[in-house]
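Some notes on the structure that comes next.
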Amino acid sequence: MHISYRTVPAPSPGRRNEDFVIAGPDWIAVLDGATAPAGVDSGCRHDVAWFTGRLGAALGRGLTTTPESGLVDVLSEAVREVMAAHQDGCDLTNADSPSSTVAMVRRRAETVDYLVLCDSPVALAFTDGTVTVIDDDRTEHLPGGRPYSLELVRSLRNRPGGFWVASTRPEAACEALAGSVRAEDLRGVLLATDGVTRLVQWYGRTWEQLVETAANEGPGRLIAQVREAESAHGTPGGAKRHDDATAAWVWW
Ligand SMILES: [Zn+2]
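Yeah, the sequence shown ends on 251 if you go by numbering that gives the first Met the number 0, and it's all consecutive.
Structure follows, in structure tokens:
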């Protein structure tokens with residue numbers, strides 16, 4: 000399995016990248032940590048980058064040491080592992096505890112497994128030219144519609160009828176969109192955080208175009224295109240001017 004990826008923090012002095020990517024011989028995981036709103040007490044001694052790094056490492060360990068496990072089980076176990084890594088004084092019942100999206104792809108002999116939790120999609124590019132996007136867009140459809148209040152988001156996080164993220168509830172893994180497809184039907188798979196998918200959401204690109212760019216010019220080109228579009232067109236009202244951006248293209 001060939002794996003190519005690039006992750007770039009939002010251009011802002013001193014800011015850490017809250018996206019995270021980790022890959023092995025036949026798997027990759029892409030994470031996008033949720034930036035805490037200013038002034039919100041997360042109840043945790045750790046920052047978001049700590050969380051995504053720990054979770055990514057735990058996923059890598061699970062994918063490596065229990066290759067027979069399904070991706071949902073790997074994720075729930077990894078969440079459990081990170082919960083145990085918090086310290087005394089970290090309140091794991093706090094609704095603003097650090098959290099992250101998860102996108103995972105793993106090649107097995109005949110199949111490719113995928114998992115998507117929250118808004119880091121996986122695009123399956125088939126050999127017949129079609130692209131199927133696995134997109135957990137529950138954050139786009141919260142009850143009542145936008146704008147979302149902090150209280151609303153907090154009350155719906157990891158709750159039935161709301162949306163699910165990797166944080167302090169291992170059972171969130173069961174809410175992920177997960178499945179398998181035949182490897183021989185696939186040309187490759189694109190994974191991206193929402194810092195990249197704004198090319199589709201805001202700037203008029205199609206997923207087919209994103210796949211072509213990643214396949215022909217590499218995933219780093221997608222991030223360059225995001226920065227160009229952000230500078231040329233700005234961002235819709237209230238949105239961050241730039242976001243951490245990660246794209247990965249895997250093929251065989
Ligand atoms: Zn903590």
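Glycine included, every Cβ here is placed at the ideal spot set by N, Cα and C. These numbers come from a predicted model, not from an experiment.
Query, Result
"Decide if D31 is buried, meaning its Cβ has at least 16 other Cβ atoms within 10 Å, or exposed.", "buried"
"Is the beta carbon of P169 less than 8 Å from the beta carbon of S75?", "yes"
"With a CB to CB cut of under 6 Å and the five nearest residues on each side skipped, what residues in its chain are close to C117?", "T100, D135 and V164"
"How big is the Cα-Cα spacing for S68 and L62?", "8 Å"
"Quick one: grab the DSSP three-state call for A246.", "strand"
"Can you name the start and end residues of the alpha helix (DSSP H) that S75 belongs to?", "L70 to A84"
"For A9, does the three-state DSSP call read helix, strand or coil?", "coil"
"DSSP state of A124, grouped into three classes?", "strand"
"So is G128 buried or exposed if we call it buried at 16+ other beta carbons inside 10 Å?", "exposed"
"Do L198 and V225 have their beta-carbon atoms positioned less than 8 Å apart in this structure?", "yes"
"How far does the beta strand (DSSP E) with T22 in it extend, from its first residue to its last?", "Reading off the sequence shown, one finds Ala at residue 22, where the question assumed Thr. Unbroken beta strand (DSSP E) run through A22: D18 to G23."
"I'd like the span of the alpha helix (DSSP H) that includes R204, first residue to last.", "Per DSSP, R204 belongs to no alpha helix (DSSP H) and is neither H nor E."
"Who pairs with R156 in a beta bridge, going by DSSP?", "F162"
"According to DSSP, G178 sits in a beta bridge with which residue or residues?", "Y113"
"Run the CB neighbour count on P218, radius 10 Å, all protein chains shown included, and call it buried at 16 or more, exposed below.", "buried"
"Out of L114, A175, N16 and A33, which has the shortest C-alpha to C-alpha gap to R137?", "A175"
"Which residues mark the beginning and the end of the alpha helix (DSSP H) in which G52 is found?", "V47 to T64"
"With a Cβ-Cβ cutoff of 8 Å, do L70 and L141 count as a contact?", "no"
"Do you know offhand how far G291's Cα is from E211's?", "Residue 291 lies beyond the stretch modelled for the chain, which goes from 0 to 251, so this question has no answer here."
"Candidates A228, I222, A124 and G237: which alpha carbon is nearest V249's?", "A124"
"What are the boundary residues of the alpha helix (DSSP H) that includes R220?", "P218 to H232"
"Assign N215 to buried or exposed, taking buried as 16 or more other Cβ atoms, counted over all protein chains shown, within 10 Å of its Cβ.", "exposed"
"Measure the Cβ-Cβ separation of G59 and F19 and say whether it is below 8 Å.", "no"
"Whose C-beta lies closer than 8 Å to the C-beta of G237 among residues of the same chain, with five residues either side of it excluded?", "P146"
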